[in-house]
Amino acid sequence: MTYFHTQIVEQDGTLSGPFRSPAQMLHDQVVSAAGSIHDDGTAQALGFKGGTIEGPTHFTQFEPLAERLWGGRWFESGCISSHFRAPAFAGERLKAYLRQDRSDPDTATMWLERDDGTEVLRGSASVGAAGDGSALRRRLASLTPLDTPVIHSDLLVGATSRRQPVRIDADARIGDLYPFSLNQKLAAITERCPLHESAENQWGAPVLPLEMVSVLFESAPRTSELRKREPVVALYADLEVRLLQGPVLAGHDYEVDREIRLVSGSRRTESMWVMSRLWRAGTDSLVAEMLHNEAAFKASYAPYAAEFQQLYGVEPPPLE
5 MTYFHTQIVE
15 QDGTLSGPFR
25 SPAQMLHDQV
35 VSAAGSIHDD
45 GTAQALGFKG
55 GTIEGPTHFT
65 QFEPLAERLW
75 GGRWFESGCI
85 SSHFRAPAFA
95 GERLKAYLRQ
105 DRSDPDTATM
115 WLERDDGTEV
125 LRGSASVGAA
135 GDGSALRRRL
145 ASLTPLDTPV
155 IHSDLLVGAT
165 SRRQPVRIDA
175 DARIGDLYPF
185 SLNQKLAAIT
195 ERCPLHESAE
205 NQWGAPVLPL
215 EMVSVLFESA
225 PRTSELRKRE
235 PVVALYADLE
245 VRLLQGPVLA
255 GHDYEVDREI
265 RLVSGSRRTE
275 SMWVMSRLWR
285 AGTDSLVAEM
295 LHNEAAFKAS
305 YAPYAAEFQQ
315 LYGVEPPPLE
């Protein structure tokens, strides 16, 4: 049975969907005093043309392609693992591509392009145990720790948070980070699917789209073990959502814990790599995992230069 009715084209072994223009739904996001990368003014101050579309939104365009390859397995053990290469903005036309790997039928290469050919993201999609070798897990293993952190200098790699309750209901506003409800998201989502909108299925509840599984993970407040120095502007530079015993359901109680896996960096950013785990409430049943790289802009942290010199006794390298 096929749940999505998205028009899919197959050419030379590559699946693609139609061009879509995802909605930007985080204009009113409340993050910190430094502002949000999804707000036009804050983003423009950092050199972007406007507020960026939140990265998880793009995952939905890949779901019909993944269902075409793997059928119902996708909703139970699907994984999207993505490195974001360029920002996307409201009104832009984007197309998703998926190409199954010849050596492993449970894995595919995925990418998203603007209509001018710019690649917005690239990574892997998979089902089942193939997620162990995802694009981001390989990327994380190749990185070296940042030896001069400032924004993340108070964090301890390996620190783990306590479990926190999370839940998404159809009409409830999710919170300051996500100032909308599930139903508002589904009204704007690029790919419609009856599993997302009705409880009349084998699981007895609406199935969350993969982009909303990410939202569920991040709806839990940050505990002290995972708090960077503020105020600072950050964005997702890498994101993986993996179902282990899915699907994840609306109106059900779950618990989230998090672990810091790495602090890395680039010329402009410091990155906190976090592995989050989603449990069925009150049990040791692991439902899903999320690996993400939250990259904080050094230039958005006002005392960056002063604190770098205080910590390391020298002036920081130029940010530009």
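Per the numbering used here: the sequence shown = residues 5 to 324.
Yeah, the Cβ is synthetic: ideal placement off N, Cα and C, and Gly gets one too.
Where does the unbroken beta strand (DSSP E) through residue 14 begin, and where does it stop?
Looking at the DSSP string, the run of the beta strand (DSSP E) that includes residue 14 is 13-15.
Do residue 137 and residue 69 have their C-beta atoms within less than 9 Å of each other?
Not closer than 9 Å, so no.
Quick one: residues in its chain with C-beta nearer than 7 Å to the C-beta of residue 209, no 5 flanking neighbours on either side, listed in chain order?
Hits under 7 Å: 203, 253, 254, 255, 256.
Can you say whether residue 153 is buried or exposed, counting buried as having 16 or more other CB atoms within 10 angstroms of its CB?
Looking at its Cβ environment, which holds 16 or more other Cβ atoms inside 10 Å, residue 153 is buried.
Backbone secondary structure at residue 132 - three-state DSSP:
The answer is helix: DSSP assigns residue 132 an H, G or I state.
Give, in chain order, every unbroken run of the alpha helix (DSSP H) that is at least 4 residues long and sits entirely within the segment 201-266.
Qualifying alpha helix (DSSP H) stretches, in chain order: 214-222.
For residue 220, which residues in the same chain have their Cβ closer than 6 Å to its Cβ, ignoring the five residues on either side in sequence?
Excluding five sequence positions before and after residue 220, the CB atoms of its chain that fall closer than 6 Å to its own CB belong to 170, 172, given in chain order.
DSSP state of residue 62 mapped onto helix, strand, coil:
Per DSSP, reduced to three states, the secondary structure at residue 62 is helical.
To the nearest whole angstrom, what separates the beta carbons of residue 124 and residue 90, a pair I think is in contact under 8 Å?
Yes, they are in contact, since the Cβ atoms of residue 124 and residue 90 sit about 5 Å apart, within 8 Å.
Secondary structure of residue 169, DSSP reduced to three states:
Looking at residue 169 - three-state DSSP - the assignment turns out to be strand.
For residue 216, which residues of its own chain have a beta-carbon under 7 Å away from its beta-carbon, when the five flanking residues on both sides are left out?
172, 186, 189, listed in sequence order.
Let me check understanding here. Comparing Cα to Cα, which of 227, 162, 233 lies closest to residue 305?
Cα-wise, what sits closest to residue 305 is 233.
Cβ contact (3+ pairs, closer than 8 Å) linking the segment 266-274 and the segment 88-102
Verdict: no, contact absent.
From the DSSP output, in three-state form, read off residue 99 for me.
Strand, per DSSP.
Please state the DSSP three-state secondary structure of residue 69.
Here residue 69 sits in helix by DSSP.
Grouping DSSP H, G and I as helix and E and B as strand, with all else coil, what is residue 195?
Here DSSP, grouped into helix, strand and coil, assigns residue 195 to coil.
By DSSP's criteria, residue 278 is part of a beta bridge. Which residues make up the other side?
For residue 278, which the question treats as bridged, DSSP gives the partners 264, 296.
Kindly indicate which residue of 14, 23, 17, 145 has the alpha-carbon position closest to the one of residue 3.
For residue 3 there is no data in the structure shown, the boundaries of the chain being 5 and 324.
Name the residue from 51, 133, 285 whose alpha carbon lies nearest to the alpha carbon of residue 77.
The option with the nearest alpha carbon to residue 77 is 133.
In angstroms with no decimal places, state the Cα-to-Cα distance between residue 110 and residue 270.
Approximately 33 Å, taken between the alpha carbons.
Out of curiosity, what's the CA-to-CA distance linking residue 48 and residue 127?
Looking at the two C-alpha atoms, the distance is approximately 27 Å.
Kindly say whether residue 170, judged by its beta-carbon, lies nearer than 9 Å to any beta-carbon of chain B.
Among the chains of the structure shown, chain B does not appear; only one protein chain is present.
Check each candidate in 31, 9, 19, 6 and name the one with the smallest Cα separation from residue 182.
Measuring from the Cα of residue 182, the nearest candidate turns out to be 31.
On the DSSP letters alone, give me the boundaries of the beta strand (DSSP E) that residue 88 sits inside.
Secondary structure note for residue 88: its beta strand (DSSP E) is the uninterrupted segment 82-88.
Within its chain, find whatever has a CB closer than 7 Å to the CB of residue 198; leave out the 5 residues flanking it on each side and keep chain order.
Exclusion of the five residues before and after residue 198 leaves 7 as the residues of its chain whose Cβ lies within less than 7 Å of its Cβ.
Would DSSP call residue 139 helix, strand or coil?
Helix at residue 139.
Find the nearest neighbour of residue 143 within the set 319, 179, 277, judged by alpha-carbon distance.
Per the Cα distances, 277.
Spatial neighbours of residue 184 within its chain, please: C-beta separation below 6 Å, excluding the five flanking residues on both sides.
Short of 6 Å from the beta carbon of residue 184, and not among the five residues preceding or following it, lie these beta carbons of its own chain, in chain order: 29.
Work out the CA separation of residue 119 and residue 224 for me, nearest whole Å.
Going from the Cα of residue 224 to the Cα of residue 119 covers about 36 Å.
Where do the N-terminal and C-terminal ends of the beta strand (DSSP E) with residue 315 fall, by residue?
Counting along the chain, no beta strand (DSSP E) covers residue 315; the unbroken alpha helix (DSSP H) around it starts and ends at 308-316.
Tell me, please, which residues DSSP counts as bridged to residue 269.
Beta-bridge pairing links residue 269 to 274.
Between the Cα of residue 116 and the Cα atoms of 106, 86, 236, which residue gives the shortest distance?
Considering only alpha carbons, the answer is 86.
Contact defined as beta carbons within less than 8 Å: I believe residue 165 pairs with residue 231. What is the distance between those atoms, to the nearest angstrom?
Residue 165 to residue 231, Cβ: 10 Å. No contact.
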